[in-house]
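Visitor:
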Amino acid sequence: MATTKAEPGSSQRFEKDTREKIVSVVRHAILLTWSFVVLFPLYWLASMSLKPPGQANTLPPDWVFLPTVYNYLQLFQRSKFVTAFGNSLIMVAASVVLVLLIGVPAAYVLSRYDIPMERDVLVWILSSRMLPPIAVVLPFFFIFRNLNLFDTRIGMVLMYVSINLSLVVWVMKAFFDGIPVTLEEAARVDGATRFQGFRKVVLPAAKPGIYSVAIISFIFAWIELLFGLVLTNSKAVPVTLYVYSFIGSRSIEWSMLAAASMAMIIPVAVFLILVNKYLAAGLSFGVVLKE
Amino acid sequence: MSTPTQTQSETRTKPEGKIARVRRLWNDHLPIWFIAPMATVMVLITFFPGAYDLYLSLIKEPTLNVFAADFVGLSNFSTAFSRGGALHSLIITITVVVSALILESVLGFVLAALVAGVGSGRVKSFYRVLFIIPMAVAPVSLATIGRIMLNSEVGIIPYVINSATPFTAPAFLSKMPLLTVILMDTWNWTPFMFIIFYAGLSSVPDTLVEASRVDGAPLWRRYVHVIIPYMKPVVFVATLIRMIDLFRTFGVVYGLTQGGPGTATQLVSINIYEQMFVNNQVTVAAAIAVVYLIMVVALCNIVIAKVGFDGVWD
Amino acid sequence: TRGGTGSDDSANTDSKSDGGADIPLKKYQQADIDWKQFEDSKINIGAVQHPWVDAIKPAVPIFEKLTGIDVVWNILPENQFRTKRQTDASTGAGQFDVFFMDQVVNQYRHEGWLQPLDPYFDDSSLYDESWYHPGDMFDASKWQAHGGGYSDKWTGLPITVEVQTQFYRTDLYEKHGLTVAETLDQFRQNAKTIHEAESDIAGTVGRGQKGYGMNIYILNTFLREFGTSLWTDFPNNSGLDTDGTIDAAKWYVNLLKDYGPQDASTQTWSDVLTTMQEGRAGHIVADANLFWPDLTGSDSKVGDKIGIAKAPKPADGQFSPNAYNWQISTSKNAKNSKQGFLFMLWATSKPTNTWMHLNNDAAFSVRQSVWKNDEFRSRVGEDFAQITLDSLKAAKPDPFDRKYPQWGQQYSEELQRAIAGQKSAEAAMKKAATVAENIYSG
Amino acid sequence: MARITIDDVTKRFGGDNNSVVAVDDVSLEIDDGEFVVFVGPSGSGKSTLMRMVAGLETQTEGDITIGDTVVNQFGPRARDIAMVFQNYALYPNMTVQENMSFGLKMSTNMSASEIERNVTSTAEMMGIANLLDNKPGELSGGQQQRVALGRAIVRDPNVFLMDEPLSNLDAKLRTEMRTEINRLQNDLGVTTLYVTHDQTEAMTMGDRLVVLNYGELQQVGTPLECFYRPANRFVAGFIGSPSMNFFAGTARGGTLQCDGFGYDLSERMQESVGSYGDLELGIRPEDVALHDEAVDRNSFEVVIDVVEPMGSISYVYCRVADQESEDTFVVEVGGQRPISEEQTLYAHIPPEDVHLFDGATGETLHQRKLDSDIGTSAAGQSQNAGASSGTL
Amino acid sequence: MARITIDDVTKRFGGDNNSVVAVDDVSLEIDDGEFVVFVGPSGSGKSTLMRMVAGLETQTEGDITIGDTVVNQFGPRARDIAMVFQNYALYPNMTVQENMSFGLKMSTNMSASEIERNVTSTAEMMGIANLLDNKPGELSGGQQQRVALGRAIVRDPNVFLMDEPLSNLDAKLRTEMRTEINRLQNDLGVTTLYVTHDQTEAMTMGDRLVVLNYGELQQVGTPLECFYRPANRFVAGFIGSPSMNFFAGTARGGTLQCDGFGYDLSERMQESVGSYGDLELGIRPEDVALHDEAVDRNSFEVVIDVVEPMGSISYVYCRVADQESEDTFVVEVGGQRPISEEQTLYAHIPPEDVHLFDGATGETLHQRKLDSDIGTSAAGQSQNAGASSGTL
Ligand SMILES: Nc1ncnc2c1ncn2[C@@H]1O[C@H](COP(=O)(O)OP(=O)(O)OP(=O)(O)O)[C@@H](O)[C@H]1O
Ligand SMILES: Nc1ncnc2c1ncn2[C@@H]1O[C@H](COP(=O)(O)OP(=O)(O)OP(=O)(O)O)[C@@H](O)[C@H]1O
Ligand SMILES: [Mg+2]
Ligand SMILES: [Mg+2]
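Chains as they are written, first to last, in our numbering: chain A, 124 to 414; chain B, 365 to 678; chain C, 2 to 443; chain D, 190 to 581; chain E, 190 to 581.
1. Taking B/Arg606 as part of the alpha helix (DSSP H), name the residues at either end of that continuous run.
2. What residue from E/Ser432, E/Pro419, E/Gly466, E/Phe202 has the CA that sits closest to E/Gly438's CA?
3. Beta carbon of E/Asp376: closer than 7 Å to some heavy atom of ligand 3?
4. With respect to 7 Å, is the separation between the Cβ of E/Lys235 and the closest non-hydrogen atom of ligand 4 below this value?
5. Answer with yes or no whether the minimum CB distance from B/Ala535 to chain C is below 8 Å.
6. Going along the chain, which residues of the segment 600-617 of chain B sit with their C-beta nearer than 9 Å to a C-beta in chain E?
7. Look up A/Thr275 in the DSSP assignment and say whether it is helix, strand or coil.
8. Short of 6 Å in beta carbon distance, which residues of its chain neighbour E/Asp494, apart from the five on each side in sequence? Order them along the chain.
9. Using 8 Å for Cβ pairs, my map puts E/Gly229 next to E/Asn402. What's the rounded Cβ distance?
10. Determine which residues of the segment 313-340 of chain C have a Cβ less than 7 Å from any Cβ of chain B, and write them out in chain order.
11. For E/Met272, which of helix, strand or coil comes out of DSSP?
12. Is there at least one non-hydrogen atom of ligand 3 closer than 7 Å to the beta-carbon of D/Asp352?
13. Between the alpha carbons of C/Tyr441 and C/Asn238, how many angstroms are there, rounded?
14. Could you pull out every unbroken alpha helix (DSSP H) segment of at least 4 residues lying fully inside the segment 201-284 of chain A, listed in chain order?
15. Per DSSP, E/Gly438 is paired with what?
16. Do A/Pro255 and B/Phe412 have their C-beta atoms closer together than 8 Å?
17. Alpha carbon to alpha carbon, what distance is there between A/Phe298 and C/Leu274?
18. How about the segment 320-332 of chain A and the segment 432-446 of chain B: do they share at least three Cβ pairs that are nearer than 8 Å?
19. Pick from A/Gly405, A/Ile153, A/Ser170, A/Val391: whose alpha carbon is nearest that of B/Ile520?
20. Are the Cβ atoms of B/Val616 and B/Leu418 separated by less than 8 Å?
21. Here's the rule I'm using: 16 or more other beta-carbon atoms within 10 Å means buried, otherwise exposed. How should E/Glu313 be labelled?
22. If I follow the unbroken alpha helix (DSSP H) through E/Met239, where does it start and stop?
23. Could you please give the first and the last residue of the uninterrupted alpha helix (DSSP H) stretch that includes C/Val445?
24. What is the C-beta distance between C/Asn439 and A/Asn356, in whole angstroms, given that I count them as a contact (C-beta under 8 Å)?
25. Does B/Val660 come out as helix, strand or coil in the three-state DSSP assignment?
26. Looking at E/Val384 and ligand 4, is the gap between the Cβ and the nearest heavy atom below 7 Å?
27. Compare the Cα-Cα distances from C/Ser266 to each of C/Asp55, C/Pro52, C/Ala421, C/Phe82 and report the closest residue.
28. Answer with yes or no whether the minimum CB distance from C/Pro62 to chain A is below 8 Å.
29. Closer than 8 Å, CB to CB, is C/Gly197 near chain A or not?
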């Protein structure tokens, strides 16, 4: 027994180690390839934004170049851009808050109470997402003009809410399904009203779901264009529309466009990094979570 | 014996002030208060535009005055299919939806599985954030920058392909527009599938995977027979939502190709746009939208019926 | 000025942005027009992201001072602007008092969304013919401002005109000993030479992208030069399947397929421009003179190597380049049409127009006087000015009938298909003809 | 502190036509300060009954009174109860401190400092004072359980409700916590309802046991009453581990004829049984004796099937030698006694330890004899036994 | 069927500098067909050791041999084992039939009909034949457990691995399944490793016990060896429920001076102890006698703290009257014996039942006497005890 122990044992271990190493190398090779696929366009975008105007599309490319923040300075000197950017930040953030305020309680009710025809209700909610915006923008234009919502931030906030509400309801319903009912019962026994139980106990427990759906809603609203185009004029113009303004009918300001596009990525990236740790748990759609 | 009412009161019945009464009303009917705003918004954003489109699709000249409207039955629908290219754009849309959905799901899943297996938490976080970023690129930017990057003369991508690989870069936008559009959408939206699948994967119990390993299942069978079925709710909801979103894709494709060359990438949404904003055929556009809505709703119901909510939310 | 979307604060212009205009008010006040009658009102202008906007904006404070009317701009890229304009007009919202008008002019007129300007011209408090000098405008421009010949009333006032010309790389021509093409055959030959001799450079570039203002804008020139026209018999025969059209299409399609960039069929104005700017093409088939400022500007790597010439024609054809005008119009539902008319008048008046062209990089005057102005000619270059003037004088603009957008779109799709190699030029044009005729018959 | 009265309470779940009767016409009085344990198989309605007391479910029929108030219409909030859940139900986002303060904040007007004082002292009592700033996710199972208890205790409620609070703990911890809860309840004297299906907990914790089956009350009494004086075959079989052995048989002429052996009924038994025919004989594993030879007529030959040595004792599974079926019964013997499988021995059932049950209804007909007075005195007042102590 | 050899196996988790040693240099031979039970407190490395045998973890050092093959480099797939998990780990999307066929489909070339035949016959054996078309979600805990077992059995593997397979079941079901697994393992004769922390399972199921603590092997032997002949204080305390009572003391001149009482060491004891000073005396609860009066010098006065009546027996928690601390020890007495709290009695520790341990290392110095030959004969071969039967 002791005869052939040490040598083959260690060599076998070595082999197993190498196998694990190979698996890990292949894994990272694939992940890095995709990282490259993701990063290359982003890198190109960034490099366009950091090159002097006129040098954006040079071929062969200057892989190495002296970066300049000239474009960004230009961008942020244009008061319209700053206004639109701020506009968008405010409107989108407000819409995320509002859509959560509307959607999360509704999702809670859908999860906890017996709703007649629940399935159909859920599909109906999802159907609000099925028509292309282009097909609904005219009716909304009417509503907005008649309700004096045209070219108002409130109007845009409502529009963004309508884009994201179905998503919020679906994701959060699934998430609430995974939170044990005993938690609220404990709160009620502890003397909390149903609402207090929801607000103080269930909501905090739903944090991962809320953060996840918030970031996704944020993104969907942040990149929205068509409603912004048709339903605003000057006061509530979102940043997407401003980005468009670098695309002239005669020429495109490549560097500025790139700088503006990069600037648009930044809030999302920051938000993403902030809620990163919740993302894994937040979107598992009712599959019961491991602790 | 007394049969207490279904809704118990939260507090003992004492003489109550106004505020207390409001509070009681609030708490006793909480579900109604909770669901009412959502229901209101939903009614507004589904019924009104839907009804409007339906109305438009049935009349001759667009007018808001229902009494003056000249109802023409289904003639707008026949125009949509005879001259409006509705069928063609439906086929294009379905092609894009199906292939992009498959690509994004598979890729998203593979990436999620690979990232989930990464040992170090920091590296994991890094990939997780990085892989989501493409979603944040606005369609305007993506389409415009994409066009120039793909440009056969001055674009960086053909340049890199030509100079760094043995292949010759194809003319992306003119010779393989549909594929280019699909790939572009894949770049843009694989993150959505990735993050949801990632969340789903992190919730598969380890023992289940181990049980299948002990049972002798090789890697791919483990995924096919054990992990993916376990994640069914996640897969189902993610693909359903992505499918719906794909059906209404507009910005990126319009920016890239405007539906061309010819009508090679003319999605339904682009067709509706052109009918409405180029041809000024609002009623025909509405007819296409109605057909399309019916189709998507039907499709969703079929998918839901086939796959079922069972095992999704029970 | 305030409000508006887009880069109106300092976009595209460096230092001249802040009301640097210095046109004496006197030049306007000498007109027999009651400029001040709408003091303290406001007009909304819906505009396309276009050099004209950049050029006139610095002068707008003068208008505001002259009239006491506030000007609010809404500036958008062409496609987005169209969407917005259509929404506005079709829903009767009337948010724009003045807006850019293009190929849809007769469609809008036919729908009753457009307001003819003649009543304002007849209003003596608003208009002074002797001061305004409409005779100075090119006939082609005035013709297009009357619904492209479909209306006997003013549909708008023309603001810019652009005409077909050809641009070439002087250095390459010199290197390969080429002469500037006058005929289509020569042009093709030149493209061939450059294409085959230079590895990284395409023989030619041209707009292949579909759209009623895109590829067909160019083809329309050639089909006329081949002796045919659009709507040989309106609305029964579109003229798109005549021999002339088919020959023209064949020539254009083959040229781009043989010596153009690989993805010529998808190229837009900005693609063409960038390709030329980056020095990756020998010449532009023949496109608007308005390429000139950007081709020779600071963003261009070949700025000092660009030559301009008249558009080529078939050996036995008649030189008749296409010309296109933007006009500004007002709608039926606009709330301040009179104020808007004052603005149109002011913006297209001789003093403003001249100032823009002398001081603010404009090069698209609809007034002949500018093209003859020495100061202007020396600023933009003698060649450019002379060739543009000659071309404009011979120009034959497209008639935009009321369904032009619709059939034009499909016609351009067919042409794009041919350029992309999906079908032959002949088949494409025949199909386009059928479609166009069907649109009127069915 | 409060007395609880459950009066003809019935709970049906589901629609009118296909409803499940979870609790079936149960009446029960629980004295102030009493510790009552609900036992019964899974699905017997223990949780439902407790949840109705909590106000988390509304009974379909009947009244529940806490103290002097009929609480039918009150939500849990108004009932002044505290509950400990099987999965602890700690609020995951709050620290231990916050978890414990939550109830006080919600249901009293105490000042923050007062709350803190209470929480700290309770935490000290529970030995979790050093965990106050941790989140539940950072605690072990036992610590979480302590927090859950502490959260209930700090509220100083009228009634404690505990639904299988220990079932997620491992054996060792469970023993520890069991003693702790016992001690606490003794000290605090708060009326307590406790659901379990653990034998040991049932036997050792409560002043009284409430045995439920299919939503129906089977027996209410002290643990020892239920053990020695089971009201019916169900209780006899349910209480005690290993279970009581049952032999079905027919009484004929003073002899109970079972499968494989006959058993002579004593006079006392014959009196109790009267004219019943089909009976079941019940005998606990520890009361059966195994001999090498038959000792009297009531001995019968058995074959040893399996021996489970437990250390100080062994469980021996025997098969009656002459019987037709394969059924075995359990006998408890000393751990050091050498018995091997397939061995043949003689089992003896001492008449004084025998229970007899009606074969059809399961009703108890005859009870074992007892040395002390547990059974006889208690058996009579079984339904309304007061808060007698758990010791003898 | 296979023999398993675990040879100097060590498992470290985590990085090089702050690693956790989960299993520490364990060597073990398991005979073909043997049923070995791993016990030990939580975190002692039981699961880790088993998972290394399964191939789910790779050992850091050492070799594992199954049959004649060193399997270090094989994944679980190649080891021909079947495993039963604590939470069953049934595939929720598959029917029972599919769950049971899955392993066969994956690891053999059997035809579909053959698989079906095997599954059906196993299902019949396990009494779940009527559930074959159900999904796991529709089954009760006990049924799920049966399916999990059936899934393992149907594969006819070399080795069964079971990690606390019964811990999610309630007491009654656990008893049932315990006997069933025992019977099955007897019938099938497949080498089985079984992890548990349940006393009863540990004592009754295995041929041998493997006791682990902090990843180190404490003792390997039959359950009764471990019970009666513990190798050290840890095993003595861990095996048996309630635990053995320990009294720390100092041996001086033939007397062990403990807190509150002195205990005269018998001659045999003094021999075993030799010159050790600090000792611990161990005595099992069932071996202590409680008398009304002192019986000999080794009796001492105790005050009764708590009495837990369990039916046929009661556990009495006593405090040594003269001791300084509040510690109690447990005594098992007959269930009907009337003892009440705060009563004063005399505890007697019979010298023949006493264990003595080294106070510092915990090593066993002196073992109790035994009537039969369990201990003496077995103790010597403790490490390599063959597949001796579990009965005496
Ligand atoms: N919300 C409900 N809807 C429908 N039936 C229910 C509901 N809650 C409980 N039941 C049914 O009522 C009966 C009693 O359930 P209960 O939970 O009270 O049993 P239990 O004694 O607590 O069981 P366990 O020991 O498993 O916890 C069961 O048949 C159960 O299926
Ligand atoms: N994957 C892992 N990473 C790091 N440490 C681990 C891992 N798995 C186990 N450990 C550690 O190894 C030790 C042994 O764990 P193991 O699960 O084998 O214990 P166990 O005896 O099975 O306990 P239990 O009875 O609680 O199941 C513990 O300290 C545990 O924290
Ligand atoms: Mg229960
Ligand atoms: Mg374990």
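Quick reminder that beta carbons are idealized off the backbone N, C-alpha and C, glycines included.
Guide: In this structure, then:
1. Per DSSP, the continuous alpha helix (DSSP H) segment holding B/Arg606 begins and ends at 596-611.
2. Considering only alpha carbons, the answer is E/Gly466.
3. Checking every heavy atom of ligand 3 against the Cβ of E/Asp376, none is found closer than 7 Å.
4. If you check the C-beta of E/Lys235 against ligand 4, you find a heavy atom less than 7 Å away.
5. Chain C has a Cβ within less than 8 Å of the Cβ of B/Ala535.
6. Cβ contacts with chain E: none found.
7. Coil.
8. Tyr506, Arg508, Thr517, listed in sequence order.
9. At roughly 6 Å, the Cβ-Cβ gap stays under 8 Å, so E/Gly229 and E/Asn402 are in contact.
10. Hits within the stretch: zero.
11. Here E/Met272 carries a strand assignment [DSSP, helix/strand/coil].
12. Indeed, a heavy atom of ligand 3 lies less than 7 Å from the Cβ.
13. When only Cα atoms are considered, C/Tyr441 and C/Asn238 end up about 10 Å apart.
14. Those alpha helix (DSSP H) runs which fall completely within the segment 201-284 of chain A and span 4+ residues are 202-235, 241-250, 256-269.
15. The partner list for E/Gly438 (beta bridge, DSSP) reads E/Cys447, E/Leu468.
16. No; because the gap between Cβ atoms is not below 8 Å, this pair is not in contact.
17. A/Phe298 has its alpha-carbon roughly 52 Å from the corresponding atom of C/Leu274.
18. No contact exists between the segment 320-332 of chain A and the segment 432-446 of chain B.
19. Relative to B/Ile520, the option among A/Gly405, A/Ile153, A/Ser170, A/Val391 whose CA is nearest is A/Ser170.
20. Judged by beta-carbon spacing, B/Leu418 lies beyond the 8 Å limit of B/Val616, meaning their Cβ atoms are not closer than that value.
21. Per the 10 Å Cβ criterion, exposed.
22. E/Met239 -> alpha helix (DSSP H) spans 235-243.
23. Only positions 2 to 443 of chain C appear in the structure, and residue 445 of chain C is not among them; the question remains open.
24. Between the beta-carbon of C/Asn439 and that of A/Asn356 there is about 38 Å, and that puts the pair past the 8 Å contact cut.
25. Three-state DSSP puts B/Val660 in a helix.
26. Checking the Cβ of E/Val384 against ligand 4 gives yes.
27. For C/Ser266, the closest alpha carbon among the candidates C/Asp55, C/Pro52, C/Ala421, C/Phe82 is that of C/Ala421.
28. For C/Pro62, the closest Cβ of chain A is not nearer than 8 Å.
29. The amino acid at residue 197 of chain C is misidentified as Gly; the sequence shows Glu. False, the Cβ-Cβ gap to chain A never drops below 8 Å.
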